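Accompanying notes for the structure given below.
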Amino acid sequence: MTKWVYIREIGEYVGQEVTLKGWVYNRTDKGKLQFLVIRDGTGFIQAVAFQKELPAEVFQRAASLTQESSVVVTGIVRADPRAPGGYELGITNLEIIQLVQDYPIALKEHGVEFLMANRHLWIRTKRQHAILMVRVEVIRAIRDWLDSHGFVNMDTPILTPAACEGTTTLFETDYFGEPAYLTQSGQLYNEANIMAFGRVYCFGPTFRAEKSKTRRHLTEFWMVEPEIAFCDLYDLMEVEEQFVSYIVQRVLERRARELEVLERDTSRLAKVEPPFPRLSYDGAVELLRKQGFDFRWGEDFGAPHETAISDQFEKPVFVHHYPTQCKAFYMQPEPGRPEVCRSVDLLAPEGYGEIIGGGERIADYELLEQRIREHNLPREAYEWYLDLRRYGTVPHAGFGLGVERTVSWLTGIHHLREAIPFPRMLERIYP
RNA sequence: UCCUCGGUAGCUCAACAGGCAGAGCGGCCGGCUGUUAACCGGUUGGUUGCAGGUUCGAGUCCUGCCCGGGGAGCCA
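FYI, the numbering for the first sequence is -3 to 427, going by this note's numbering.
The structure is reproduced here in structure tokens:
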């Protein structure tokens, strides 16, 4: 029995006979010569079967293979410039685990509806595999950077008793006869956690029952939310630009092959290093008006506005000091100018929009209590949150980074439904 | 919720002004020792989203419904 190896490490076995276990991605029939593309989850490799060099039944099996049939292939690894990837396997034996009939997805063009209905199979294709491996790297980079910069992972509940931010729609569920809601953010709990642990982050799925039907929205998406005690708006922006730059450079370094499969132009990504440009909301409004937008001060930016702003910069751009009225109740107002608050969003280049939202939180008990009243929030649900300002309050800040939007930007894909294995969207919960 | 585009073979799409429902891919059969979503020849394949209506005749026109794409608002 020859050694079972993974395609990822095939280059280490040139000249040796090895065994691969995987699936037939495609077959090209040349009569007395068969080209098989085998995938095993770690990569793709061409395997070649010559009729002359094989027992008749082995060649016959190779010639009978259909797309996505599961196989165990043994052969000699050789470097060959004619093979995609530079290596190929000269087949010496082949066992079929299952011969597949009528695999639905051809390696041709398909429509969105068909592909989404077959998402469980679509993820096997090269392009989807590459996108999801970039996602893997983004998530690893997030954890590595935070873990090595004094943050501790302190996860927050998914089932919550009340809205974190009262405005957006919540998914309601039954909690032993009481209504409970799927979380929209772990931030409020993070604020409790920093008073115990200093620097924390939570990382998990987030749910928004918004009836949004755009390329930038999912109803279930993943968000990492760091929160820092003794931190103001300006400290926060420095953390964010270090963090995002690390993620980008790490993906460029370790997922170059995947970005090549995706034909991503990486020249702009390579420039993503601190510092990022900083633009106040006032400055952004001025910039928009210069470009001919009829924009009223006090409104939040829509997608076309975000794109117009980020197009002016090569790197991601911070927009800070939004009007207090368009941000959440806990945002710290700017001293001496209460109509704006110490919030900051990070807009990705190339039209990928807001990937981070965050800011400095209100530390003062009286002011926070007043805001809860102004926003008509149920006081009793926030009693524990007010305790954080009663017992040792400190200036603090935090942010949330959307994983799928970040992956979409880095991979250059058009729609973020491809940035998660099984997207949950409006009117779609299958498969 | 609103605006907009669409639904025809397993898939991607044609079908003029209402007049025999077609092609490519896939599948199947045959050919080829260097293919890269191979190529060549043959062949198979249809409740035109659903329900009504107009008409000698409807994929095509009308009404309602269902499903999907793109966008807006809101947000990461």
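Glycine is no exception: its CB is placed at the ideal position from the N, C-alpha and C atoms. No experiment lies behind these values; they were computed from the predicted model shown.
Sort the options by Cα distance to residue i and report the nearest one.
i    : options                    : result
T179 : M191, E187, A205 and A188  : A205
K17  : G279, I416 and Y2          : Y2
R413 : T165, E91, T215 and E84    : T215
T24  : K(-1), K122 and S60        : S60
R211 : K(-1), F309, P419 and G173 : P419
G408 : E256, E282 and S339        : E256
T62  : E330, A280, I93 and M129   : I93
G37  : H125, T169 and L29         : H125
P300 : L284, F314 and R292        : L284
W218 : V403, T262, L248 and Y99   : V403
I need the straight-line Cα distance from residue i to residue j, nearest angstrom please.
i    : j    : result
L275 : H316 : 6 Å
F55  : L95  : 15 Å
C160 : L85  : Below a pLDDT of 50, predicted positions are generally treated as unreliable, and C160, at 49, falls in that range; the measurement from the model is reported next regardless. So the two alpha carbons sit approximately 56 Å from each other.
L156 : Q97  : Here residue 156 is Thr; the residue named in the question, Leu, does not match the sequence. Going by the C-alpha atoms only, they are around 47 Å apart.
L373 : E346 : 38 Å
Q12  : E91  : 19 Å
I352 : D341 : 5 Å
L32  : H116 : 23 Å
P201 : F40  : 31 Å
E302 : A280 : 9 Å
A43  : F199 : 41 Å
Y177 : R123 : 35 Å
R264 : E310 : 7 Å
R367 : I224 : 22 Å
R338 : M233 : 11 Å
I425 : R131 : 21 Å
F272 : V235 : 11 Å
Y378 : R139 : 30 Å
D290 : D76  : 60 Å
H213 : M421 : 8 Å
G27  : G71  : 20 Å
Are residue i and residue j closer than 8 Å when you measure CB to CB?
i    : j     : result
F110 : M150  : no
G354 : G396  : yes
E133 : R246  : yes
I358 : Y387  : no
H411 : I190  : no
Y185 : P153  : yes
S241 : V268  : yes
Y277 : V220  : no
V10  : T(-2) : no
R4   : M129  : no
A45  : A58   : yes
L384 : E187  : yes
E415 : I127  : Before going on, a small fix: residue 415 reads as Ala here, not Glu. Taking 8 Å as the Cβ cut-off, A415 and I127 qualify as a contacting pair.
Just confirm the distance between the C-beta atoms of residue i and residue j, as a whole number of angstroms; I'd bet it's less than 8 Å.
i    : j    : result
I101 : N89  : With 8 Å as the limit, I101 and N89 do not qualify as a contact, their Cβ atoms being about 28 Å apart.
P312 : L343 : 6 Å
G294 : Q328 : Not confirmed; about 18 Å, so no contact.
K147 : P222 : Note on residue identity: the sequence assigns Phe, not Lys, to residue 147. The pair is a contact, with the Cβ atoms about 6 Å apart (cut-off 8 Å).
T103 : N22  : It should be noted that the sequence gives Leu, not Thr, for residue 103. The Cβ separation is near 6 Å, so the contact holds.
Self-check item: Ranges of the beta strand (DSSP E) found wholly within the stretch 266 to 346, counting only runs of at least 3
Solution: 274 to 276, 313 to 316, 333 to 337 and 339 to 344
Exercise. With a floor of 3 residues, list each beta strand (DSSP E) that falls wholly inside the stretch 146 to 190, ordered by position along the chain.
Key: 168 to 171 and 174 to 178
Quiz item: Which whole runs of the beta strand (DSSP E) in the stretch 214 to 275 are 3 residues long or more, in chain order?
Solution: 216 to 225
Quiz item: Where are the beta strand (DSSP E) runs, 3 residues long or more, that stay fully inside the stretch 22 to 68, in chain order?
Solution: 29 to 35 and 40 to 46
Quiz prompt | Runs of beta strand (DSSP E) lying entirely within the stretch 351 to 384, each at least 3 residues, in chain order | solution = none
Quiz item: Which runs of the alpha helix (DSSP H) spanning at least 4 residues fall entirely within the stretch 112 to 151, listed in chain order?
Solution: 115 to 118 and 122 to 143
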